[in-house]
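Numbering (this note's numbering), first residue to last: 87 to 212.
Glycine is no exception: its CB is placed at the ideal position from the N, C-alpha and C atoms.
Only one structure is covered here, and it is reproduced in the block below.
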Amino acid sequence: MTCPYCPPLEPQQAVRFADELVMYLDDERWQGALKHSGIIVPVRHAETVFDLTSDEVAATFSMLARAKEWLDAEHDPDGYNVGWNAGAVAGQQVFHAHLHVIPRFAQEPLAGQGIRAHLKGSENAW
87 MTCPYCPPLE
97 PQQAVRFADE
107 LVMYLDDERW
117 QGALKHSGII
127 VPVRHAETVF
137 DLTSDEVAAT
147 FSMLARAKEW
157 LDAEHDPDGY
167 NVGWNAGAVA
177 GQQVFHAHLH
187 VIPRFAQEPL
197 AGQGIRAHLK
207 GSENAW
């Protein structure tokens with residue numbers, strides 16, 4: 087199976103910004119409930135955030151600032167969720183490290199609920 091975040095990218099994926107270590111991309115298939123969301127992906131295939139080099143981590147956070155500046159100018163979100171999933175149990179479905187950048191808007195039905203909201207419910211107690 088090929089990795090959807092390793093070149094060549096799929097036609098629905100748009101690289102908004104890139105440098106030699108990381109890229110910020112979005113995918114038209116994500117734009118329903120996750121309006122204007124994107125991911126920051128290392129160019130080198132690394133399975134999880136814990137496999138990134140210190141240079142890749144630094145480049146990721148520089149790219150995060152660049153993506154936020156662009157998203158603020160283009161879409162004016164009211165907040166952000168930013169996060170990694172590392173491992174299948176944590177919800178990682180594509181095993182190429184990627185940082186989710188999800189703009190949030192006050193008019194969303196789930197505004198005010200963070201990424202941990204579903205984890206804190208009684209249905210997740212064990």
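Neighbourhood of residue i by C-beta, 6 angstroms cutoff - its chain only, sequence neighbours within 5 removed
{"i": "G169", "result": "H186, I201"}
{"i": "V135", "result": "W170, A172, A183"}
{"i": "M149", "result": "V108, Y110, I126"}
Cα-Cα separation between residue i and residue j, rounded to whole angstroms
{"i": "Q193", "j": "D112", "result": "22 angstroms"}
{"i": "L205", "j": "A176", "result": "11 angstroms"}
{"i": "Y166", "j": "G207", "result": "22 angstroms"}
{"i": "E142", "j": "A203", "result": "29 angstroms"}
{"i": "E209", "j": "V108", "result": "37 angstroms"}
{"i": "E155", "j": "D105", "result": "16 angstroms"}
{"i": "P195", "j": "G118", "result": "13 angstroms"}
{"i": "F191", "j": "Q199", "result": "11 angstroms"}
{"i": "V129", "j": "Q178", "result": "18 angstroms"}
{"i": "P94", "j": "W212", "result": "42 angstroms"}
{"i": "E160", "j": "F103", "result": "14 angstroms"}
{"i": "A144", "j": "E133", "result": "17 angstroms"}
Residue i burial status per 10 Å Cβ neighbour count (16 or more: buried)
{"i": "T146", "result": "buried"}
{"i": "V101", "result": "exposed"}
{"i": "A153", "result": "buried"}
{"i": "L138", "result": "buried"}
{"i": "G124", "result": "buried"}
Same chain, Cβ closer than 7 angstroms to residue i, neighbours up to 5 away in sequence not counted
{"i": "Y66", "result": "Nothing about residue 66 can be reported from this structure: the residues present for the chain run from 87 to 212 only."}
{"i": "L120", "result": "I188"}
{"i": "E114", "result": "Q98"}
{"i": "L157", "result": "H122, P163, P189"}
{"i": "G116", "result": "According to the sequence displayed, residue 116 carries Trp and not Gly. For W116, where only same-chain residues beyond five positions count, the Cβ hits under 7 angstroms are S123."}
Assumed close pair residue i, residue j - CB separation to whole angstroms, cut-off 8 angstroms
{"i": "H122", "j": "C89", "result": "With a Cβ gap of about 24 angstroms, H122 and C89 do not count as contacting."}
Same chain only: Cβ atoms within 8 angstroms of residue i, ignoring 5 sequence neighbours per side
{"i": "E96", "result": "P90, D113"}
| message | Quick check for students: name the residue ranges of the alpha helix (DSSP H) that lie wholly in the region 97-173, counting only runs of 4 or more. | response | 140-161
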